[in-house]
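My numbering numbers the first residue of the sequence shown as 195 and each following residue consecutively.
Beta carbons are placed, not taken as given, at the ideal position from N, Cα and C, and that holds for glycine.
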Amino acid sequence: MAKTAKTRTRTKKTAASRSRSSRKTPPKAARPAASRLGNVRHVVGARFSAWRERIAAFRARRPHRSFRRSLRRDYVRSLDIPGYWAFTLEVARTLLAHKRLFGSLVITFSVSVVLFGGMTSQETYSKLGSIVSEVGGDAVTGNWSTMARAGLLAVGAFTGASGGLSEAQQIYIGLIALLTWLTTVWLLREIMAGERPSLRDGLYRAGAPLVSTSVLAVLIIVQLIPFGILLAVYSGLVSVGLAQSGFGAYLAAMIGVTAACLTLYWMTATFIALVIVTLPGMYPLRAMRIAGDMVIGRRLRLFYRILWLAASVVISWALVMLPLVLLENWVRDTWEQWPTWLPLVPFAATLLSSLTAVWSSAYVYILYRKVVDDDASPA
């Protein structure tokens with residue numbers, strides 16, 4: 195009897211435990227569906243929270259809004275930079291203090307351009323000289339078509355756009371320009387860090403961020419598309435006579451200058467990003483985001499500096515190349531024994547192009563360092 199009672203008690207406990215476990219444990223088919231739904235909600239909630247945090251951080255970094263007026267006291271941001279001439283002289287002193295290093299860099303890339311066939315043909319400069327000789331009288335008489343043709347031909351000749359370069363040569367010249375930029379920035383960074391770099395070190399080590407810099411170069415090309423379209427339209431208007439003289443010429447010139455200024459204003463952050471992307475471990479989009487944060491409240495002042503750089507480069511080219519082109523044409527006309535095979539002007543243009551690339555790279559890099567040194571919060 196005792197054994198029977200114990201057996202009954204064990205049976206009751208086993209049945210009770212089974213009933214409890216059956217009540218606690220959900221059906222096997224319902225558990226995976228509920229867990230999947232919970233995981234989806236968790237992932238969506240985390241993504242939404244991260245997205246809201248990114249928007250809040252962006253608004254904190256960029257306090258100004260489009261089409262909303264910002265008071266001057268709210269967007270003034272400090273930027274301690276010397277005057278235009280003082281800053282230009284500072285860049286010149288930096289390069290002249292290491293003239294052997296940067297002079298070797300200019301010669302190296304000039305020789306590279308010559309070896310890869312990137313020089314503009316002599317006939318282009320001869321044609322430019324004949325057109326420039328006509329500009330003096332046409333400027334007095336108001337014939338703007340000749341002046342426009344001279345300007346377009348000068349831009350094409352000095353940039354190599356009208357030199358008949360093949361696609362492979364254009365790619366080579368683009369790579370040489372990017373390497374010139376990267377090498378100049380790397381050398382200046384080492385010099386300002388107190389090191390004594392050599393040209394060999396710069397050529398071997400500066401090419402690491404070439405792909406990232408190429409991505410930003412493509413972005414610059416995209417930003418130049420509106421101005422290129424406007425330039426093509428202006429060239430067409432000049433060719434058909436609608437913008438040769440009078441109000442049409444003045445209106446076209448004003449629109450062209452305005453478009454050029456707006457394009458440079460748009461590209462201000464991209465120029466700063468070209469320096470930031472050379473830092474180790476930096477990606478192009480991140481560099482653009484950092485550059486955008488740096489120029490907030492300073493974009494107009496940085497734009498003035500870049501506009502000053504562009505104007506100084508154009509004036510320097512005009513003062514050096516145009517007299518050289520006219521002088522060579524005069525020598526060819528007066529001295530028949532002058533060697534026609536000697537491409538003096540293309541060689542000078544190639545050397546000046548490399549010098550311009552190094553100068554512009556140094557100018558933008560030192561401008562970037564001035565912005566970095568002034569660590570004011572976004573206005």
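Taking only the alpha-carbon atoms, compute the straight-line gap between residue i and residue j and give it to the nearest angstrom.
| i | j | result |
| --- | --- | --- |
| residue 417 | residue 457 | 7 Å |
| residue 303 | residue 297 | 10 Å |
| residue 393 | residue 489 | 32 Å |
| residue 476 | residue 496 | 23 Å |
| residue 524 | residue 514 | 16 Å |
| residue 427 | residue 245 | 43 Å |
| residue 415 | residue 376 | 18 Å |
| residue 553 | residue 236 | 54 Å |
| residue 494 | residue 423 | 25 Å |
| residue 361 | residue 247 | 46 Å |
| residue 564 | residue 239 | 42 Å |
| residue 300 | residue 294 | 10 Å |
| residue 441 | residue 279 | 35 Å |
I'd like the span of the alpha helix (DSSP H) that includes residue i, first residue to last.
| i | result |
| --- | --- |
| residue 405 | 404 to 434 |
| residue 545 | 538 to 567 |
| residue 495 | 493 to 528 |
| residue 163 | The shown model of the chain, from 195 to 573, leaves out residue 163, and the question about it has no answer. |
| residue 298 | 293 to 309 |
| residue 379 | 361 to 386 |
| residue 397 | 393 to 399 |
Do the CB positions of residue i and residue j come within less than 8 Å of each other?
| i | j | result |
| --- | --- | --- |
| residue 372 | residue 404 | yes |
| residue 518 | residue 542 | yes |
| residue 420 | residue 453 | yes |
| residue 154 | residue 486 | The structure shown does not extend to residue 154, since the chain spans only 195 to 573, so no value can be given for it. |
| residue 501 | residue 522 | no |
| residue 511 | residue 545 | no |
| residue 492 | residue 561 | no |
To which residues of the same chain is residue i closer than 6 Å at the C-beta, ignoring the five residues directly before and after it?
| i | result |
| --- | --- |
| residue 507 | 550 |
| residue 282 | none |
| residue 400 | 376, 377 and 380 |
| residue 384 | 391 |
Looking only at its chain, what residues have a beta carbon closer than 7 Å to the beta carbon of residue i, apart from the 5 residues adjacent to it on each side?
| i | result |
| --- | --- |
| residue 556 | 285, 288, 289, 378 and 382 |
| residue 173 | This structure gives no information on residue 173, because the portion of the chain shown stretches from 195 to 573. |
Within 10 Å of its beta-carbon, does residue i have 16 or more other beta-carbons around it, so buried, or fewer, so exposed?
| i | result |
| --- | --- |
| residue 548 | buried |
| residue 461 | buried |
| residue 540 | buried |
| residue 374 | buried |
| residue 528 | exposed |
| residue 388 | exposed |
Between which residues of its own chain and residue i is the CB-CB distance below 8 Å, once the five residues before and five after are set aside?
| i | result |
| --- | --- |
| residue 451 | none |
| residue 222 | Since pLDDT at residue 222 reaches only 47, below the 50 mark, its modelled position is unreliable, and no value is offered. |
| residue 484 | 467 and 470 |
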